[in-house]
Every structure is written in C-alpha cells, then in structure tokens.
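Per this note's numbering, the sequence shown starts with residue 2, numbered consecutively.
Built from N, CA and C at the ideal position, the CB exists for glycine as well.
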Amino acid sequence: MYKYEKISQAIRKQIIEQKIKPGALLPDQNQLAKEFNTTRITIGKALQSLIIEGLIYSKRGAGTFVRKDAHLNDEFTNDVDKPLGTTSTHPHSKVTSKYIHLTARIANEVEKKNLLLEDGETVYVIKRTRFIEGKAYSYEQTIMPTKIATITEEVLKKSIYQYLEHEYHLELAGSHRQITARKVSEEDAKFLGEKLGDPILVISQTSYLVDGTPFEFSESRFPYRSSAVSADVNLLE
Numbered sequence: 002m003y004k005y006e007k008i009s010q011a012i013r014k015q016i017i018e019q020k021i022k023p024g025a026l027l028p029d030q031n032q033l034a035k036e037f038n039t040t041r042i043t044i045g046k047a048l049q050s051l052i053i054e055g056l057i058y059s060k061r062g063a064g065t066f067v068r069k070d071a072h073l074n075d076e077f078t079n080d081v082d083k084p085l086g087t088t089s090t091h092p093h094s095k096v097t098s099k100y101i102h103l104t105a106r107i108a109n110e111v112e113k114k115n116l117l118l119e120d121g122e123t124v125y126v127i128k129r130t131r132f133i134e135g136k137a138y139s140y141e142q143t144i145m146p147t148k149i150a151t152i153t154e155e156v157l158k159k160s161i162y163q164y165l166e167h168e169y170h171l172e173l174a175g176s177h178r179q180i181t182a183r184k185v186s187e188e189d190a191k192f193l194g195e196k197l198g199d200p201i202l203v204i205s206q207t208s209y210l211v212d213g214t215p216f217e218f219s220e221s222r223f224p225y226r227s228s229a230v231s232a233d234v235n236l237l238e
C-alpha cells in the first residue's frame, strides 16, 4: 500500500468515527504533511482520493472540509465524478466478483477508435458480475488492450484497478463517461437477476492513465432498484 493510501485511510477512519465532525475544516496541507511526516504532494494525493470518495470537498480560498452528509453516502450510489471501480468506491463493503468470460482477440474498428489502437492489436474481452455484501451490484463488459497488463481469471475475482496500480504501477487518471437507461435484456436478466423489460442504468466509459493513454472501454449495467447517480457541481467564483 502506498503512503498516500495509508494517510487517506487514517483520515477516513477519523471521519467515519466522527473524531473529525461533519462540516469540520481539515488542517492545511502543510500541517498534515508535518503530522504524517511526509510531503505536501503525498498529502494532496491522499486528500484527492477522499474527495473522489465523497467524504471531503475543497472550497477555494477557504480550505478542505468534511462533507456534512459524509456518513450518509449510500452503498449503492454511483458518484459521476468518481472512477467507476467498485472496490475503490465502496471501501467499507465486501465486494466480490463472479467471473463469466475472458478471451483475447483482434480489436474491432470501434475499439481501435476508443482505445487508440493500431490494426492488428489485440484486446481482452471481459465479462463479470460484481456483488456488494452478496447482492448483485453490476454486470460489467470490458475491453482492455492486452499490452496494458496480463489479465487472468484469478485477477477478475478481485479489483482490476488495484491490480493495475499495485502490480504494474499504473496511475489511473479518470474517465469519459456516458450515462443512459434502457430495458433489461435476456443477458442482463441472467446475470443480474432482473426482470425482462425492467429499466436498467447503463454507464459506458473510456478510462485513461495519467499520460492520456486509454486503458479501458467498458459498459456497466446496474439494477434500477438499488442504483442512483450523484454529482457535485462546483461553481467558480
């Protein structure tokens, strides 16, 4: 585990246990760097991970605050400004995966366009269902260039994002995301347990590394009864 992750865990624990109260102003980055015996850069990464998680927010000229609703975040809510990684966005829940499909083939035209691939380059085709506390949370279909990392069935049982970060030291930056709704298909019904014709939340995204390299082209489907989308909108002063 990286140092910034240990720091974010320590701050998160204080927030959850309300040792740092909702609405409270956090110490500035210089103070935190001194407290944790590290650099401002490391503190900045730790705070950014907590912002992504929805526990804190920054206000220009005022500082960084604990969200007043931090302890009320629902385990089935998708924050639109978060990386769509189930394990990282639900750190206090038991997340499991059911492997369905893993193959490799030559990328088609749509995949080449979205992943900036050349003719003849290969991709993994990944399908799996994610569960939170034993309940079906999403059905994921992912296309990933084989040159990014070696993906196995064992990897698919856990977090792919954490595998890329820890084993390949890749730094994930963010995603371009499209959110739509449609009716449950036979495939959705099979892997999510929903009824045919019911509405379903669909999030399609292309995800990028910090250098701008796209590493994932995916579509995730969520049961409408247990899903919602939230977003924070910051107005510039």
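Looking from the CA of S98, the closest CA among S205, S160, L117 and A11 belongs to S160. When DSSP reads this structure, I180 sits in a beta bridge with I204. Residue environment analysis places H170 among the exposed positions, since fewer than 16 neighbouring C-beta atoms fall within 10 angstroms of its C-beta. Beta-bridge analysis with DSSP links H102 to K128.
As the crow flies, the alpha-carbon of E36 is around 19 Å from that of E18. Under the DSSP definition of a beta bridge, G64 partners with K60. Under the three-state reduction of DSSP, V156 is assigned to helix. Nearest in C-alpha terms to K60, of all of I42, T88 and D29, is D29. Its Cα nearest to that of I8, the residue A47 stands out among G24, L27, A47 and Q32. Contact annotation: the region 138-158 touches the region 201-220, with at least three C-beta pairs closer than 8 Å.
Burial is judged here by how many other beta carbons sit within 10 angstroms of a residue's own beta carbon; T43 has at least 16 and is buried. In terms of Cβ geometry, T123 and R106 form a close pair [threshold 8 Å]. Under the three-state reduction of DSSP, S139 is assigned to strand.
In its chain, beyond the 5 residues on either side, S139, E141 and I204 have a beta carbon closer than 6 Å to the beta carbon of S221. When beta bridges are read from the DSSP output, I107 appears opposite T123. Within its own chain, the residues whose Cβ lies closer than 6 Å to the Cβ of Q179, once the five positions on either side in sequence are excluded, are S205, listed in chain order.
Relative to the Cα of H177, the nearest Cα in the group T207, L202 and G194 belongs to T207. In the three-state DSSP reduction, L116 falls in the helix class (H, G or I).
Residue state for T214 is assigned as coil, using DSSP reduced to three classes. A check of alpha carbon separations from E155 across K22, H102, L193 and G198 identifies H102 as the nearest. F192 carries a helical assignment under DSSP once its states are collapsed to helix, strand and coil.
The three-state secondary structure of G175, taken from DSSP, is strand. For I149, there is no enclosing alpha helix (DSSP H), since its DSSP letter is neither H nor E.
If you draw a straight line from the Cα of Y3 to the Cα of V126, it comes to about 30 Å.
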